[in-house]
Each structure stands twice: as C-alpha cells, then as structure tokens.
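*Asks:*
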C-alpha cells in the first residue's frame with residue numbers, strides 16, 4: 541500500500557505515518573494540494589491519499605478528476621469540527637478520519653483501500669472454464685484480448701489475470717479508450733513534458749510508464765483512433781514510448797490486456813483497426829460469455845449485489861423470494877452483469893417487506909422476458925417508450941412521474957433510481973404541479 545499524506549494533519553503526521561507503516565504501508569508526504577498533484581503526476585503508485593481537511597479538498601479532487609488520476613481520497617481533521625468533515629465528504633472524499641488518529645480506524649481504511657472492490661463472483665460452469673483458462677495464461681507475459689458484449693465484466697476478468705500473474709504485486713492501470721477524447725488519448729497513454737503544448741504546466745507521466753513492471757488495461761480498444769494505434773504498436777513492439785515534447789524514448793516493461801465489445805476482425809476489414817496491432821494484442825483471446833449464456837451466475841451474483849447495496853445504503857439485508865429469483869432467471873439480460881447490478885440495487889431500495897419480492901425486480905426491456913408468469917405483468921414494469929414528435933422535456937417528465945408512482949411517492953428512493961439529487965427532483969415536481977400534472981403524494 542502506497543499512502544500519500546497531504547498537509548500537516550494538525551501535527552499528527554508522525555502518528556498517522558507510524559500507524560500506516562505498521563499496517564504494511566509506504567508513506568509519502570506533500571505540504572499542499574499542488575505538491576500532492578506533482579507526486580501523483582509523476583506516476584508514483586499511490587493507492588490512497590489522506591488529505592488535511594483544512595486544505596481545499598474540493599479543488600484537489602476536481603483536479604484529480606480533470607486529469608483522470610484515479611486514487612482513493614480520505615480527509616483527516618480534528619474530531620470536533622463536523623462542518624469541515626461534511627464539506628470534505630460532499631467534495632468527494634470517500635471517508636473522514638478524525639484526529640488524533642485511531643489505529644483501528646486507519647487500519648480499516650487501509651484494508652478497504654487495499655482490498656479489491658472487483659470480486660469475481662460466479663456459479664456457472666462456463667465461467668469456471670473461462671477462469672481456468674485465464675489462470676493458466678496469467679503467469680505468462682503474453683498480451684491478452686478479452687472479447688464479449690458490453691457489461692459482461694471484462695475489466696474484472698482482466699484484474700483476475702493481473703492478480704494471478706507474476707506482476708500481481710505491481711500496479712494495475714486501466715484506461716477507457718472510449719471515454720477519453722481522441723485529442724487527449726495520446727497524452728493520457730504516453731505522457732508529456734512541461735511546455736509540450738498549451739496547458740502543459742508540468743511534466744505528466746503517461747499510463748504506459750505508470751504501469752511499467754505491471755499491467756495496462758486498454759478497455760474498449762476498438763474505439764482507439766487509427767493514428768494512435770501506430771504509436772501503440774511501436775510501444776508494444778519496442779517496449780519504449782515517447783512523451784509528447786520529449787527528446788528521447790523511454791523504456792517501459794508493461795504487459796497489455798485489451799478488451800473489445802466489437803468484432804476486431806471486422807474492424808480490420810473495414811480499415812478502422814490495424815491488422816498488425818490486432819495480431820500483437822491477440823496472442824491469447826478469451827471470450828467472455830453473455831450473462832444469459834451462464835445462467836448459473838445470475839442468482840449467485842444477485843445475492844452478492846443484495847449484500848453489497850444493503851451494506852452501502854445501511855439497509856437490513858433481506859433474502860430474495862423464490863419468485864424473485866425465478867423472475868431474474870426468466871430474463872435475457874441484454875445489459876449483462878451491469879444491468880443485473882443496477883436491477884438489484886433498485887430492488888434493495890424498493891423492497892418493503894421481509895424479503896425482496898418479485899415486484900421489486902424492475903426489468904428495463906420487456907421484450908427480453910421469457911417464460912412469463914402471471915406475476916410478471918406489463919403493469920408491474922414501468923416503461924417509457926419514445927414517441928416521435930415528443931420533446932425531450934416531455935420524455936423526462938414522464939420518466940420522473942412514472943418513477944415516482946412506482947416508488948409510491950417516496951421522493952428519496954425515486955431520486956436514487958433516477959440518479960439525480962432530491963433537490964433537483966423536488967424542483968422538477970414543483971414545476972410539473974404548476975403545469976397541472978398529477979404528482980403522487982409524498983410518502
């Protein structure tokens with residue numbers, strides 16, 4: 541565990557460092573937010589940042605987000621200042637540690653940061669076969685291409701390969717090629733020198749260097765621009781990269797795992813993906829089955845998500861009824877594991893009895909329901925079907941009002957399902973009421 545402490549922690553740096561070291565951590569220190577950012581830009585494998593709550597936590601976290609630096613941040617401050625604690629959590633800190641530090645609390649935070657939140661849960665023979673193959677090739681240095689539909693868990697399988705490789709004690713770095721604009725992806729992968737372009741105020745280590753001696757996941761590589769593909773091919777072949785604005789190549793020792801939800805053979809034929817790069821990546825190809833093709837995973841994963849989201853929302857954990865499990869099994873899961881996770885999260889929030897019943901299992905795609913039972917009627921599954929000529933505002937209004945009806949007027953749960961703040965929801969509902977629409981009474 542590489543820990544970065546930012547600020548004075550009210551004179552408690554020494555105590556916090558000793559506790560962290562006793563827990564097996566390695567500690568780096570930064571005087572302020574800017575110094576901390578410099579350390580993180582350098583590619584040092586920091587996994588957890590403890591920042592003094594008196595510093596500008598909001599600005600620091602926003603800087604991390606804008607530079608796509610993924611690291612867990614916890615705030616530390618004197619226990620008698622709850623306002624600063626609340627402010628830090630709202631700014632994006634994952635936890636607040638009161639000072640002086642308690643060894644058990646810091647130990648728990650370090651353990652949570654160290655523990656992978658990417659558990660590979662399964663119960664199907666097909667998944668077992670995939671894992672057997674992944675474990676067999678993991679110790680090699682071969683590049684791996686994971687293919688499968690969106691939402692099947694390709695990143696989790698890639699972490700499994702890393703965790704079972706000779707590089708397991710080194711860094712695992714993930715880059716989503718589809719989420720980063722084409723103009724920024726090159727600098728994200730290879731880094732840049734200070735002054736290389738407008739806005740390059742300091743040197744930034746790229747993901748290739750950051751993952752050197754470890755593993756680099758290139759997620760959805762099929763979305764990478766063909767111009768950058770040529771530079772990626774050179775990096776893989778020559779094991780060296782050029783920072784933007786750099787004067788000399790830099791040696792790297794990075795294992796590549798790539799994922800794609802598209803047929804790369806077709807992309808090669810269409811001229812959108814380099815054939816030579818495809819061969820370099822496709823040394824080992826592992827196909828991840830869709831969730832509908834591994835039904836033995838469905839209930840096992842569902843129970844895992846029930847536990848996860850019950851704990852997250854501080855709800856009592858409830859068992860699923862037999863009919864709820866049957867409803868899950870009678871669905872084709874076009875969104876795969878990601879859709880299942882969202883479905884169970886909703887079910888945890890909506891369930892009102894001692895069990896999670898089938899009416900709390902809301903399925904998005906009615907056409908994907910098979911073996912329909914009497915208990916699964918279209919009326920139980922809220923549907924928002926787009927109509928040509930309907931405005932976006934009207935579609936949004938229908939979605940909000942129907943979700944509120946389904947939650948029996950519970951504003952808090954409706955806001956969680958919709959992914960908006962309770963304040964935004966209340967403002968929308970006030971507007972709709974003034975326009976004459978019927979709004980479910982608050983529960």
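Residue numbers (my numbering): 541 to 983. For each residue, glycine too, the CB sits at the ideal point set by N, CA and C.
What does the Cβ neighbour count give for residue 741, buried or exposed, with the cut at 16 atoms within 10 Å?
*Replies:* Working through the chain shown from its first residue, we reach residue 741 at position 201. Classification of residue 741: exposed, given that the 10 Å Cβ count is below 16.
*Asks:* Sorted by chain position, which residues of the same chain lie with C-beta nearer than 6 Å to residue 925's C-beta, five sequence neighbours on each side aside?
*Replies:* Position 385 of the chain shown, counted from the first residue, corresponds to residue 925. Because residue 925 carries a pLDDT of 49, less than 50, the predicted location of this residue cannot be relied on, and the following value inherits that uncertainty. Hits under 6 Å: none found.
*Asks:* Would you identify the three-state DSSP class for residue 853, choosing helix, strand or coil?
*Replies:* Along the chain shown, read from residue 1 onward, the residue named residue 853 stands at position 313. Looking at residue 853 - three-state DSSP - the assignment turns out to be coil, as it is neither helix nor strand.
*Asks:* Are there three or more Cβ pairs, one per stretch, closer than 8 Å when the stretch 827-839 is compared with the stretch 773-793?
*Replies:* The stretch 827-839, when compared against the stretch 773-793, does not touch it at the 8 Å Cβ threshold.
*Asks:* Compare the Cα-Cα distances from residue 769 to each of 934, 968, 730 and 681 and report the closest residue.
*Replies:* Against the chain shown, residue 769 aligns to sequence position 229. Answer by Cα proximity: 730.
*Asks:* Taking the alpha carbon of residue 794 as the point to measure from, which residue in 705, 589, 909 and 848 has its own alpha carbon closest?
*Replies:* Taking the chain shown and counting its residues from 1, one reaches residue 794 at position 254. Out of 705, 589, 909 and 848, 705 has the C-alpha closest to the C-alpha of residue 794.
*Asks:* Could you spell out the range, first to last residue, of the alpha helix (DSSP H) harbouring residue 712?
*Replies:* Within the chain shown, residue 712 is the residue found at index 172, counting from 1. Taken as a continuous stretch (DSSP letters only), residue 712 belongs to no alpha helix (DSSP H), being part of the beta strand (DSSP E) at 712-716.
*Asks:* Would you check if the stretch 873-881 and the stretch 687-701 touch, i.e. whether three or more CB-CB distances between them fall below 8 Å?
*Replies:* Because the criterion of three Cβ pairs below 8 Å is met, the stretch 687-701 and the stretch 873-881 touch.
*Asks:* Restricting to Cα atoms, I'd like to know which of 949, 862 and 591 is closest to residue 547.
*Replies:* Here residue 547 is taken as the residue at index 7 of the chain shown, counted from 1. Per the Cα distances, 591.
*Asks:* Since I believe residue 664 is in contact with residue 837 (beta carbons under 8 Å), could you give me their beta-carbon distance rounded to a whole number of angstroms?
*Replies:* Numbered from its first residue, the chain shown carries residue 837 at position 297. Numbered from its first residue, the chain shown carries residue 664 at position 124. Confirmed, Cβ separation roughly 5 Å.
*Asks:* Do you know whose CA, among 781, 543 and 644, lies nearest residue 611's CA?
*Replies:* Translated into the one-based positions of the chain shown, residue 611 becomes position 71. The shortest C-alpha separation from residue 611 is found at 543.
*Asks:* Near residue 856, which residues of its chain fall below 8 Å by C-beta distance, leaving aside the five closest residues on each side in sequence?
*Replies:* Counting from 1 along the chain shown, the entry for residue 856 is found at position 316. These residues qualify, in order along the chain: 850.
*Asks:* Within the stretch 557-640, note down every full alpha helix (DSSP H) run reaching 4 residues or more, in order along the chain.
*Replies:* Counting whole runs of 4 or more residues, the stretch 557-640 contains the alpha helix (DSSP H) stretches 573-581, 597-606 and 622-631.
*Asks:* For residue 556, tell me which candidate among 864, 627, 643 and 609 has the shortest Cα-Cα distance.
*Replies:* One-based indexing of the chain shown puts residue 556 at position 16. When only C-alpha atoms are compared, the closest one is 643.
*Asks:* Considering only their Cβ atoms, is the gap separating residue 814 from residue 753 smaller than 9 Å?
*Replies:* Locating residue 753 in the chain shown gives position 213, counting from the first residue. Locating residue 814 in the chain shown gives position 274, counting from the first residue. Not a contact, by the Cβ cut-off of 9 Å.
*Asks:* On the DSSP bridge list, what partners appear for residue 798?
*Replies:* As a working note, residue 798 is residue 258 in the chain shown. According to DSSP, residue 798 bridges with 685 and 758.
*Asks:* Which whole-angstrom value is the C-beta distance of residue 636 and residue 614, which I expect to be below 8 Å?
*Replies:* In the chain shown, the residue the question calls residue 636 occupies position 96. In the chain shown, the residue the question calls residue 614 occupies position 74. The Cβ separation is near 7 Å, so the contact holds.
*Asks:* Whose C-alpha, out of 858, 908 and 901, is nearest the C-alpha of residue 893?
*Replies:* Residue mapping note: residue 893 aligns to position 353 of the chain shown, counting from 1. Minimum Cα distance to residue 893 is reached at 858.
*Asks:* Identify, in the order they occur along the chain, each residue of the same chain with its Cβ nearer than 7 Å to the Cβ of residue 675, setting aside the five sequence neighbours on each side.
*Replies:* Counted from its first residue, the chain shown places residue 675 at position 135. Cβ neighbours of residue 675 beyond the five flanking positions: 704.
*Asks:* For my contact list, residue 747 and residue 715 are in at a C-beta cut-off of 8 Å; report their separation, rounded to the angstrom.
*Replies:* The residue you call residue 747 lines up with position 207 of the chain shown. The residue you call residue 715 lines up with position 175 of the chain shown. Correct: roughly 5 Å between the Cβ atoms.
*Asks:* Here's the rule I'm using: 16 or more other beta-carbon atoms within 10 Å means buried, otherwise exposed. How should residue 977 be labelled?
*Replies:* For the purposes of this step, residue 977 is taken as the residue at position 437 of the chain shown. When all chains shown are included, residue 977 counts as exposed.
*Asks:* Mind checking which residues open and close the alpha helix (DSSP H) that includes residue 938?
*Replies:* The sequence position of residue 938 within the chain shown is 398, counting from 1. It spans 932-946 - the alpha helix (DSSP H) in which residue 938 sits, taken as one unbroken run.
*Asks:* Go to residue 825, then tell me how far its beta strand (DSSP E) extends in each direction, as first and last residue.
*Replies:* Within the chain shown, residue 825 is the residue found at index 285, counting from 1. Segment 824-827, the beta strand (DSSP E) holding residue 825.
*Asks:* Where does residue 966 land, buried or exposed, given buried means 16+ other C-beta within 10 angstroms?
*Replies:* For the purposes of this step, residue 966 is identified with residue 426 of the chain shown, where counting begins at 1. Exposed is the call here.
*Asks:* Assign residue 791 to one of three DSSP states: helix, strand, or coil.
*Replies:* Here residue 791 corresponds to residue number 251 of the chain shown, with the count starting at 1. Of the three classes helix, strand and coil, the one that applies to residue 791 here is strand, per DSSP.
*Asks:* Residue 709: buried (16+ other C-beta within 10 angstroms of its C-beta) or exposed?
*Replies:* Along the chain shown, read from residue 1 onward, the residue named residue 709 stands at position 169. It counts as exposed.
*Asks:* Which residue's Cα is closest to the Cα of residue 775: 762, 800, 749 and 596?
*Replies:* Indexing the chain shown from 1 puts residue 775 at position 235. Checking every option, the nearest Cα to that of residue 775 belongs to 749.
*Asks:* Using the Cα positions of residue 782 and residue 955, report the straight-line distance between them to the nearest angstrom.
*Replies:* Looking up residue 782 in the chain shown gives position 242. Looking up residue 955 in the chain shown gives position 415. Taking the straight line from one Cα to the other gives about 46 Å.
*Asks:* Indicate whether residue 766 and residue 799 have their beta-carbon atoms separated by less than 9 Å.
*Replies:* Indexing the chain shown from 1 puts residue 766 at position 226. Indexing the chain shown from 1 puts residue 799 at position 259. No.
*Asks:* Taking DSSP's pairing of strands, which residues face residue 860 in a bridge?
*Replies:* What you label residue 860 is simply residue 320 of the chain shown in a count that begins at 1. Residue 860 pairs with 896.
*Asks:* Roughly how many angstroms lie between the CA atoms of residue 946 and residue 596, to the nearest whole one?
*Replies:* Taking the chain shown and counting its residues from 1, one reaches residue 946 at position 406. Taking the chain shown and counting its residues from 1, one reaches residue 596 at position 56. Approximately 41 Å, taken between the alpha carbons.
*Asks:* Under 9 Å between the Cβ atoms of residue 671 and residue 616?
*Replies:* Your numbering for residue 671 matches position 131 in the chain shown. Your numbering for residue 616 matches position 76 in the chain shown. No, they are not a contact pair.
*Asks:* Measure the beta-carbon distance from residue 567 to residue 560 and round it to whole angstroms, keeping in mind my assumption that it falls under 8 Å.
*Replies:* As a first step, residue 567 is located in the chain shown; it is residue number 27 there, counting from the start. As a first step, residue 560 is located in the chain shown; it is residue number 20 there, counting from the start. Confirmed, Cβ separation roughly 5 Å.
*Asks:* Go ahead and label residue 602 buried or exposed: buried means 16 or more other beta carbons lie within 10 angstroms of its beta carbon, across all protein chains shown.
*Replies:* Position 62 of the chain shown, counted from the first residue, corresponds to residue 602. Answer is exposed; the Cβ neighbour count stays below 16.
*Asks:* Short check: CB of residue 802 to CB of residue 728, under 9 Å?
*Replies:* Counting from one through the chain shown, the residue named residue 802 turns up at place 262. Counting from one through the chain shown, the residue named residue 728 turns up at place 188. Their beta carbons are not under 9 Å apart, which means residue 802 does not touch residue 728 by this criterion.
*Asks:* Does the distance from the CB of residue 684 to the CB of residue 761 come in under 9 Å?
*Replies:* On the chain shown, position 144 is the one that residue 684 refers to. On the chain shown, position 221 is the one that residue 761 refers to. No, the pair does not count as a contact, with Cβ atoms beyond the cut-off.
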